[in-house]
Structures are given as C-alpha cells and as structure tokens.
Amino acid sequence: MDLRYTATEQAFREEARAWLAAHVPRDPLPSPDTAEGFAAHRLWEQRLAEARWSAVTWPAQYGGRGATLVEWLIFEEEYYRAGAPVRINANGLHLLAPTLLEHGTPEQKARFLPPMAKGEEVWAQAWSEPEAGSDLAALRCRAVRDGDHYVLSGQKTWSTRAAFADWCFGLFRTGSLGERHRGLTFLLVSLRSPGVRVRPIRQLDGRAGFAEIFFDEVKVPVSQRVGEEGEGWKVAMATAGFERGLLLRSPARFQERARRLVELWRRRRDQLARDPHLEDAVVQAWLDAEAYCLATYHTACRLDRGGVIGPEASTNKIFWSELDLLLCDAALRILGPAAEFPAGKEVLAKEADSGRWLEEFLFAQAGPIYAGTNEIQRNIIAERLLGLPR
Amino acid sequence: MDFTFSEDECLLRDAAREFFATEMTADRLRRIWEEGGGCDDRLWSALAELGLPGILVPEEQGGLGLDEAGAVRVVEEAGYVALPESPLHAAWLAPFLLPTLGEEGRARWLPRLLSGEARIAVGIPGDLAVEDADRAHLVLLSEGDALFALTAGSFRCEPRTSFDPGRRAFAVTPSIDPVCIGAEGARIAAELLDRAAVLAAAYELGLARRILDLAVEHARQRCQFGRPVGSFQAVKHLLADVAVRLQFARPVVYRAAWVVAREAPRRALAVSHARLAAGQAARLAARNGLQVFGAMGYTWECDLQLYLKRVWSLAGRCGDEALHRRRVRQALLVGDTVPGAGDTFAEN
Ligand SMILES: Cc1cc2nc3c(=O)[nH]c(=O)nc-3n(C[C@H](O)[C@H](O)[C@H](O)COP(=O)(O)OP(=O)(O)OC[C@H]3O[C@@H](n4cnc5c(N)ncnc54)[C@H](O)[C@@H]3O)c2cc1C
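As you go down the protein sequences, you meet chains A and B in turn. In this text, residue positions in the first sequence follow the numbering used here: the first is 1, and each later residue adds one. In this text, residue positions in the second sequence follow the numbering used here: the first is 391, and each later residue adds one.
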C-alpha cells in the first residue's frame, strides 16, 4: 500500500489542471435540458475531445489516453474543482462504451466510439418501459428480424437526454414475453431513423431532462446488434455493473459538494447556532463523501491491477445516492427560510449558492430511483453478496 | 497510488484467520468468560509463537517488520473472533511506547515481548481500566500528559467488572513517578490514542463482519411461514444495510492505518473518521444482527452475544464517539481551507 501519487499521476493531474484552467467557460452554460444549452454542451464535448480529455480511459485509437482508473479519478477531481460543465454524453461514455469495448465487434468500435468521444453523437439509454421499471426483464418493445435488419415497434420511457440526443442503446424483445431475460437483444438505434418519435417529459425542475421514445416499424441493421440475438441481458448487465460500480458517479462530484457545504456552514454558522444537530449533519455528509472517495480509490486500484467488480457494486449505488441526499438536505436546512427562493435577488446577494443547492437537492431526490432503485440494489446485495435465499 | 495489499500481507492475513478460527472458537471464548475474561498465559504464548507481538517491530530487531497498514487486516481478523484485547495492545501499542523507556528499557523489554516471556499491558488515554493489568509484567499507562512504566509493586490494581465477561479490566493506580510528562508526555498520549483508535476501528470491522455472517447463517436456516426468514425482504434489507456500511468503513480504516504509520498530514481527521465509520458499522451490525436472530439472539445461550457485547463494550473506549466527533469538527470547521475533490491523498 502506498497512498501517494506517482510522478506520472502527478504530471497527469497538472496537465489536466492547466488545460481546464485555460478552457473551462467562465460563465456557466445554459441547462443541457434545453435545445440551446444542449448545443452549447455539445461544443464543450468537442473541445474536450480535441485535447483528448473526453474519454481518458479509452484506448488512444478511439480518442482516449489509455489512462488508468486512478488517472480517471484524478481527471474527475480536476474537472469538478474547475467547475466544468455537465457531461451530456455520460450515458454513452460511461455505460455504452465499456459494453462496446467488451462485447462490440471491431467494426462497431471503429464506427461508434470516435464520434461518441467527440460529442458528434450523443447517446441515450433506452431500457425502461411503462410496464417495465424495476422489473426490466418484463420489457415488451419488440424487435423482429427481417433479413439483414430488425424492425422495432413499441415504447421506451424515462430516457435521459433523449429529447436532444442522436442515438439510443437499448434492450428489445426478440423472443417471447414468457422467456423474460432470455428473449432480449441489445441494439443501437439512431433516433433520426424513420418511425422514431421522441416526446420530451418535464421533470420535477420543469425541464425536459428525459423523454419517451416511440418506435413505429423502425428498421435497424443487424450490424447494430451488440452480442448475439437473445443475449442482450448478459450484454446489458455488463453495463449495469459499471454504472452502479464505478463510472456513473465519481467521488469528486460529492467531495466538491461537501466542500461547498462545509464552506456554507462556516459562513452561516453564527446565525444557525439555534440548531445544534445541523453541524453533525454537515460533518457526517463530508465524512461520507470522503469515505466514498476512499472506497472508490480502493476499488480502482484493485481493478487497475486486474481485479474484477462483482455484486458489491450495488453497495456503491446505495452509498452515493444516500450521501447526496445528506449533502443537499443539510444545505437546505442551513439556508432555512431562504432555501425556497432560488432566484430571489436578496437571497442571491447573501448566498449566491442557494439556487444551485435547490437544483442539486431536486436531482438528488432521483438518485435512489434511477440506475436501479436502492430497494433493488438491497435485494441484489442480500441475494448475491450475502447469499440469502430468493 | 497503490491502495491494495501485497501478496505477503494477504498471506499473513490468511494465516492469522486460520489460526484464530481454530484457536478462538466460541467455545473457547465461553471458557475464557467463565475464567474471568482476558487472555490466559497459554493463549499469550501461542500468539507469541505466531509472531503477533512482533508484527510492527522491524525485522532487524526480530519482528515481522510490517507497518500498521500492512498489519491492519490481522487486527480485523482478531476482531472477527473477539480475541482478548491485551495481546493486541502489546503488539500494536507497546512497540511504539517502549522507546520512551530509553535504550536500556527497550533492550530489556523488547526481546521478552517478542518471545512472549513478558506480558505488557497498556492503559489507553481516557479509558477507565487496563485490560489484563494483573497478569502483566509491565504496565504502560498513559494518563493526562504522564506516561508510567509500572512493574510489580509499583502500582495498585483494582478489578472493574464490565458487563462484557470477556473483559478483564483493572483500574491502575501508580505508586511511582512517571517516566515522561509535560509536552513530550502529551505528544505520546496523543499519538497513543490515535494508534489505539485505529486498532479499535480495525477490530470493529472484524466484529461487524462476524455478526453479519452469523445473522446471514441464521436467516438461511430459520424458517417461519414455511420459508427461511432470510427470504423476507425486510430481513434482507436489514442485512444489506450492514453490508453497505461495512463496505464503506473498511477503506477508511485502511487509510487511517497507513496514516498513523507515517508522518502523514491530517492525522486526527483520518483516525477519527476511521473510528466513527467502523463504530457505526459495528453498532448497526449489532442492532440489525440481533433483530434478525429474534428472541434467540436475546439469550445467553446464543453465541451472538459474544460479539455483540464486545461491540458495545468497545464503543466507549479508545476515544469515544464524542471525542472523535469533536476532533473531526475541529479539523473541518476551523482552519484556512476545507478539503474537497483532489485533496484526500494530495499531501501524502
Ligand atoms: C432522473 C431519472 C433518470 C432516468 N434515466 C433513465 C434512462 O436514461 N434510461 C432508462 O432506461 N431509464 C431511466 N430511468 C428509469 C429508472 O431506471 C427507473 O425509474 C427505475 O428502474 C425504477 O423503475 P420505476 O420508476 O418503474 O419504479 P417501479 O419499478 O414501479 O418501483 C416503484 C417502487 O417499488 C419498489 N420496488 C419495485 N420492485 C421491487 C422489488 N422487487 N422489491 C422491492 N421494492 C421494489 C421500487 O424500489 C420503488 O420504490 C430514469 C429515472 C429517473 C428518475
């Protein structure tokens, strides 16, 4: 064990820091859940890609740097410290790409990875359906083989960024409903295909953060199938492991939030001596963010040395989503009566951070739901990690 | 950055695990309870033969030459079997304290510590009693800013009966002057407390895992409504919550062990975080584990209590929760900067 960065890691950090300092937009970009904001974020992805920062762990041939997971963590730390924009292509970069790298054909990798890295093609995840949420294996959206393509019909929902994205990856039913997870196939579908209709859904914050996708006899070439027909579940679960396990939420996100929380508390401490429990909540949230960082480094070092990630990945999802709730709850409690007025002039003058906390608070409410609800994660931990009977 | 354990460290952990599994069974623990708790001489010798007292002692002085980070999982395994604590105090704390006795004192005690001939007991700052003080050839007692090195005849020893029958605790009153006092004594006390807190934290990780394993086993066997109770989701989620807390306490403790082994910055924060995280995991394991056992868990007969009681008796020792929370608050809420992303390992 040696908890010091190597010279290479240090140099990697300095390079990232210098680049970000020179390039991160001074003013925040408009929300990516608007057409204008999405376009601005797409440009940002292109700038990142030009300097090969958009997918650091990928092999160089696809636009990455072949970085280790520890280097990826370092990059994320610098990224969040710099207050850089939200990554609109996270679903592609962090969920689809690992699947393609593992299960994709050489042609698929060459076709899809470079434009993904450049933000030219932004991806949405199309798993959930109105009747298939937690019970994903009950999904019905059909794909019928017809010569060298599949014909898709049915509906997906809750697909993040689908309102403005270019492509989606999803699971479709090629077998019968009774076959459950054995009759599913993993397909890559252009959202510009004839027969695709996307209907944005307003989220709690009023913006179109996710969307429904309707498929009406949509033709998808067989070359856009990942893995074999009927093997979609296996292929998809490879992404699910990564999503819960490591890539979806890097610790830096929560550590920056925890730092801001402690700073907020330091500024507002005198006025709020009236709530003696608040300080404990602030401290506990910071500690949990730190613990999440330590655990992630522990896992990353293990994986960098050839280890694999198992059902313990489910513990991550629970830990970070609950941590996020702790952080945001504490911030709103500190802001007290001011918390509900994100854009109030007086409030902003006193506490510029308040609108941001409110937005973060709202999105934190979704954390225990998306990427597999925390109840489902607890089931997985109990059954697959602890070995309790089904 | 290498936050993993070496192959040798893994082998040592496995060896310790195997030894404890045969030596420290629940039956053996119960016999210890009946005999008044603590570590008897036979167990002490067996542990010395295993090399435990020398685990942190440099190889050139006859030890195994590990540092706290390398040895931390041996302590975890000790916690898994609720090993009597005095041999751990001797192994984890005495090598740090002996140099304060001067070259002569160290030369006198260290070889005998390693061979198992001498039993050294340690009084941890803030604790009310010293484990196995009556059986010790040397008691190293830290009180306020004073450090005492006590041999037979130089202290009074009064038994203190803990509700945890595995404990053999004594209030120790010195009748001689301390070997060290003032600023140096305070520094030693502070560092001793940090080391003791990491020791307790690692031990708690083991206790939590033991209780979790016992509860899982019980939940698989015990049937109600025609099925194992472990198939009920309410039961599953109680135990999954323990697994989560434990999973995220472990690396915090490992990092603290690495920090106390060297002059790393933010030591108090790292150590107190470890103790808080491990303590939370252990107490949650105790509560939820007992719940899963039902009434059986509330009996004297059930082995669960062997581990529950150690969780509860250890909670207030080696710095209690209030102390560690205060230290964390001090580290975070005072000072120029607040650590955020990228700062966790930055100054190592
Ligand atoms: C912000 C956000 C973004 C999302 N983005 C995407 C996306 O990009 N792509 C995509 O495909 N999906 C996405 N989703 C959907 C998400 O994956 C689902 O919401 C999730 O799988 C849960 O399904 P559900 O909402 O239908 O809830 P349900 O499955 O109806 O669950 C309702 C409640 O019942 C509980 N429950 C259900 N089954 C069990 C069980 N067996 N044991 C215990 N409790 C159970 C759940 O935990 C939950 O509390 C997103 C969701 C949100 C909120």
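Beta carbons are placed, not taken as given, at the ideal position from N, Cα and C, and that holds for glycine. Quick caveat: nothing in here was measured; it's all calculated off a predicted structure.
Residues of the region 406 to 419 of chain B with a CB closer than 9 Å to any CB of chain A: list them in chain order, please.
Those would be none; no residue qualifies.
Quick one: list the residues of chain B neighbouring tryptophan 286 (chain A), beta-carbon separation under 7 Å, in chain order.
Within chain B, the residues near tryptophan 286 (chain A) are Leu722.
Are arginine 717 (chain B) and alanine 630 (chain B) touching if we call contact CB-CB under 8 Å?
In this structure, alanine 630 (chain B) does not lie closer than 8 Å to arginine 717 (chain B) by Cβ.
Cβ of isoleucine 510 (chain B) within 8 Å of Cβ of serine 532 (chain B)?
No, the Cβ-Cβ distance between isoleucine 510 (chain B) and serine 532 (chain B) is not below 8 Å.
Classify leucine 348 (chain A) as helix, strand or coil using the three-state DSSP reduction.
With a pLDDT of 49 at leucine 348 (chain A), under the threshold of 50, the modelled position of that residue is not reliable, and the figure given next carries that caveat. Correct three-state label for leucine 348 (chain A): helix.
If we count the other Cβ atoms within 10 Å of its Cβ and call it buried at 16 or more, is serine 396 (chain B) buried or exposed?
Its Cβ having fewer than 16 others within 10 Å, serine 396 (chain B) is exposed.
Quick one: is glutamate 534 (chain B) near chain A, going by C-beta distance under 8 Å?
According to the sequence shown, residue 534 (chain B) is glycine rather than glutamate. False, the Cβ-Cβ gap to chain A never drops below 8 Å.
At what residue ranges does the region 541 to 624 of chain B contain a whole run of the beta strand (DSSP E), taking only runs of 3 or more?
For the region 541 to 624 of chain B, whole beta strand (DSSP E) runs of length 3 or above, ordered along the chain, are 545 to 550 and 559 to 564.
DSSP three-state call for proline 200 (chain A): helix, strand or coil?
Three-state DSSP puts proline 200 (chain A) in a strand.
Quick one: what's got a C-beta closer than 6 Å to alanine 519 (chain B)'s C-beta in the same chain, skipping five residues either side?
If we look at alanine 519 (chain B) and ignore the five residues flanking it on each side, its Cβ neighbours are Arg550, Ala559, Phe560 and Ala561.
Show which residues of chain A have a CB atom less than 7 Å away from the CB atom of alanine 705 (chain B).
Those do not exist, as alanine 705 (chain B) stays about 17 Å from chain A at its closest Cβ, beyond 7 Å.
Taking a contact to mean a Cβ-Cβ separation below 8 Å, would you say tryptophan 123 (chain A) touches leucine 101 (chain A) in this structure?
For tryptophan 123 (chain A) and leucine 101 (chain A), no; Cβs fall outside 8 Å.
Leaving out five residues on either side along the sequence, give the residues of the same chain with a beta carbon under 6 Å from the beta carbon of alanine 349 (chain A).
The pLDDT assigned to alanine 349 (chain A) is 46, lower than 50, so where the model puts this residue is not dependable; a value taken from the coordinates is nonetheless given after this. Taken in chain order, the list of residues that qualify is empty.
At which residues does the alpha helix (DSSP H) containing histidine 181 (chain A) begin and terminate?
From DSSP, histidine 181 (chain A) is part of no alpha helix (DSSP H); its letter is neither H nor E.
Any C-beta of chain A sitting closer than 8 Å to the C-beta of leucine 629 (chain B)?
By this cut-off, leucine 629 (chain B) is an interface position.
Rounded to a whole number of angstroms, what is the C-alpha to C-alpha distance between phenylalanine 210 (chain A) and phenylalanine 254 (chain A)?
Cα-Cα distance, rounded: 23 Å.
What do you reckon, is the C-beta of alanine 633 (chain B) under 7 Å from a heavy atom of ligand 1?
Answer for alanine 633 (chain B): no, Cβ out of range of ligand 1.
In chain order, which continuous runs of the alpha helix (DSSP H) of length 4 or greater are located wholly inside the region 93 to 152 of chain A?
Runs of the alpha helix (DSSP H) inside the region 93 to 152 of chain A: 97 to 103 and 106 to 117.
With the cut-off set at 8 Å, would you say glutamate 439 (chain B) and glycine 506 (chain B) are in Cβ contact?
Yes, these two residues count as a Cβ contact at 8 Å.
Taking the alpha carbon of phenylalanine 38 (chain A) as the reference point, which residue from A:Pro98, A:Thr160 and A:Phe75 has its own alpha carbon closest?
Ranking the options by Cα distance to phenylalanine 38 (chain A), first place goes to A:Thr160.
Which class does valine 308 (chain A) belong to by DSSP, given the choice of helix, strand or coil?
Coil.
Is any beta-carbon of chain B found at less than 8 Å from that of isoleucine 376 (chain A)?
By this cut-off, isoleucine 376 (chain A) is not an interface position.
Short check: CB of valine 728 (chain B) to CB of glutamate 263 (chain A), under 8 Å?
Yes, they are a contact pair.
Who's in the neighbourhood of ligand 1, going by beta-carbon under 5 Å from any heavy atom, listed in chain order?
Any residue whose Cβ sits closer than 5 Å to a heavy atom of ligand 1 makes the list: A:Gln125, A:Trp127, A:Ser128, A:Gly133, A:Ser134, A:Trp158, A:Ser159, A:Thr160, A:Ala366, A:Ile369, A:Tyr370, A:Thr373 and A:Glu375.
Would you say arginine 673 (chain B) and valine 643 (chain B) are within 8 Å of each other, going by their C-beta atoms?
No. Outside cutoff.
If you measure between the beta carbons of alanine 236 (chain A) and phenylalanine 186 (chain A), is that distance less than 8 Å?
The answer is yes: Cβ separation under 8 Å.
Under 8 Å, Cβ to Cβ, is there at least one residue of chain A near methionine 686 (chain B)?
Closer than 8 Å: no.
Got a sec? Which residues, its chain only, sit under 6 Å from glutamate 77 (chain A) by beta carbon, not counting five neighbours each side?
For glutamate 77 (chain A), where only same-chain residues beyond five positions count, the Cβ hits under 6 Å are Ala252.
Within 10 Å of its beta-carbon, does valine 144 (chain A) have 16 or more other beta-carbons around it, so buried, or fewer, so exposed?
With fewer than 16 other Cβ atoms within 10 Å, it is exposed.
Just mark glutamine 637 (chain B) as buried or exposed, buried being the case when its beta carbon has 16 or more other beta carbons within 10 Å.
The residue in question, glutamine 637 (chain B), is buried, as its Cβ has 16 or more Cβ neighbours within 10 Å.
I want to verify the contact list: residues of chain A whose CB lies under 7 Å from the CB of aspartate 726 (chain B), in sequence order.
Under the 7 Å cutoff, chain A gives no residues; its nearest Cβ is about 11 Å from aspartate 726 (chain B).
Closest Cβ-Cβ distance between alanine 295 (chain A) and chain B: below 8 Å?
At least one chain B Cβ lies under 8 Å of alanine 295 (chain A).
Run down chain A in chain order and give the residues with a C-beta less than 9 Å from the C-beta of leucine 666 (chain B).
Result: Gln284 and Leu287.
Could you spell out the range, first to last residue, of the beta strand (DSSP E) harbouring proline 221 (chain A)?
Start and end: 210 to 221.
Looking at the structure shown, is leucine 530 (chain B) part of a helix, part of a strand, or coil, going by DSSP?
Looking at leucine 530 (chain B) - three-state DSSP - the assignment turns out to be strand.
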